[in-house]
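What follows is a single structure, written as structure tokens, with notes after it.
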Amino acid sequence: MQDEPVSLEEQFALLKKENAKLKMESSLRKSLANELEKQKVISEEARRAALSTAEELKSLSLNLSRYVSPQIYKKVFDDQGDVQLNSSRKKLTIFFSDIVGFTQITEELESEDLTDLLNEYLNAMATIAIRHGATIDKYIGDAIMIFFGDPESSGTSQDAKKCIEMAIEMQEFISKNASDWVERHALNRDLEVRMGISTGYCTVGNFGSDDRLDYTVLGNTVNLASRLESNARPGAILISTETYKVTKGEFHFDDGRSYNLKGLQAPVKAYEVLHNGEGKSSVAFTGRNIELKIKKEGLNQQEVDDAIEFLKD
């Protein structure tokens, strides 16, 4: 049985239906192409925004790293959740240093020269500190506060050893560069630094308000290190009895003696670290076409400063 022939009207209707179908498919393809193009533009804009945000975060991260110690920076970014007001009790080794006669230096130098000298000095000290694994707590003018044992610790003895090794390297660097600093910054005398170190239990963590925190250390050990630094001879490293006990097999020390420290009722025994760059027995004073040296044996720092002022007048 043969199929019945399709009429022209039916053929025209079929063609019309097929044409409508093709038009619809073409329209769908065009709409899909437009949508894909839009999505491509949106995706590219999102990629560029993400890259821009990443660069901004990288820049902010770099700037933040300049304000905090590497260990604290790592701790902040490794910790999960919000940074909170909390602290813990740990056995740490605390370090303080201070430039001898810095008040006089500020009076003698122009602000630009003083800024250059201080930044050069602090940068050198920070480089040494970081190399030894120290946590730099803060700069207070020319003074530096550093601690070992948090957030990372190698054990009490090793932390104290690292601190003393750091202090010795600092003193040797200062001694090596003293004459160069005198020449380049027009100083009237060699730059000398006192250092104090103490080991003991401290409270360490975040202190401050909900809006502003300071990761630092508090306690008697901190106060003792500061007092020892104030009583150290220029160019010397003075350490507490506890620091001496945990490192006495590692370094050479003097026999120790009792010190009457400000704010403490009883005398405190402390030891000087003997090193190649330890305090000089004289201080140089350079004037117009003249150079004099003041012997420091038997003189305290105030008497040395008074002698220099007398010579300047």
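Here the working numbering is used: the first residue of the sequence shown is 3, the next is one more, and so on.
Glycine included, each C-beta is placed from N, C-alpha and C at the ideal position.
Check	Outcome
Alpha-carbon spacing of D182 relative to G135, whole angstroms	28 Å
N-terminal and C-terminal residue of the alpha helix (DSSP H) that E185 is part of	T158 to H187
Selection from T243, A272 and R186 that minimises the alpha carbon distance to E114	R186
Spatial distance of T105 from L119 (CA atoms)	14 Å
Nearest-angstrom beta carbon gap, I101 and D144 [assumed within contact, 8 Å]	4 Å
Endpoints, the beta strand (DSSP E) within which K264 is located	Counting along the chain, K264 falls outside any beta strand (DSSP E), and DSSP gives it neither H nor E.
Closest by C-alpha distance to L226, when choosing among V195, A268 and E46	A268
L226, DSSP secondary structure in three states	helix
Selected residue, minimal CA-CA separation from T95, among L16, S232 and D161	D161
Local conformation of A286 per DSSP, three classes	Residue placement at A286 cannot be trusted, given a pLDDT of 47 that sits under 50; the coordinates are not used to answer.
For F253, three-class secondary structure by DSSP	coil
Rounded straight-line distance, which links the Cα of I146 to that of Y217	15 Å
K40 versus S29 - alpha carbon distance	16 Å
Any chain C beta carbon closer than 7 Å to E274	Structure shown: chain C not included; a single protein chain is present.
Presumed contact (8 Å Cβ cut-off) between I199 and T245, rounded CB distance	5 Å
Simplified DSSP state of E274, which is helix, strand or coil	strand
Simplified DSSP state of N208, which is helix, strand or coil	strand
Among A272, A238 and T223, the one whose alpha carbon lies nearest that of F150	T223
Run of the beta strand (DSSP E) containing A145, from where it starts to where it stops	A145 to F150
From N262, A238 and L263, residue whose alpha carbon lies closest to that of F255	A238
Spatial neighbours of I170 in its chain, beta-carbon cut-off 6 Å, leaving aside the 5 residues before and after	H277
Sequence-distant residues of the same chain with beta carbon closer than 7 Å to D152, five excluded per side	K92, L94, T137 and V206
Cβ neighbours of V248 in the same chain (closer than 7 Å, five flanking residues each side left out)	T158, S159, A162 and T201
Cα-Cα separation between S54 and K19, rounded to whole angstroms	52 Å
Selected residue, minimal CA-CA separation from V275, among G265, L230, N262 and A22	L230
Alpha-carbon to alpha-carbon, R50 and E109	52 Å
Through-space distance from I142 to Q128, alpha-carbon basis	Residue 128 is actually Ala in this sequence, not Gln. One C-alpha to the other measures close to 13 Å.
CA nearest to the CA of R133, picked from M168, L124 and E122	M168
Burial state of M26, where buried means 16 or more other Cβ atoms lie within 10 Å	exposed
Y273, buried or exposed, once every other Cβ within 10 Å from all chains shown has been counted against 16	buried
Under the three-state DSSP convention, the category V43 falls into	helix
Three-state class that DSSP yields for D213 in the structure shown	coil
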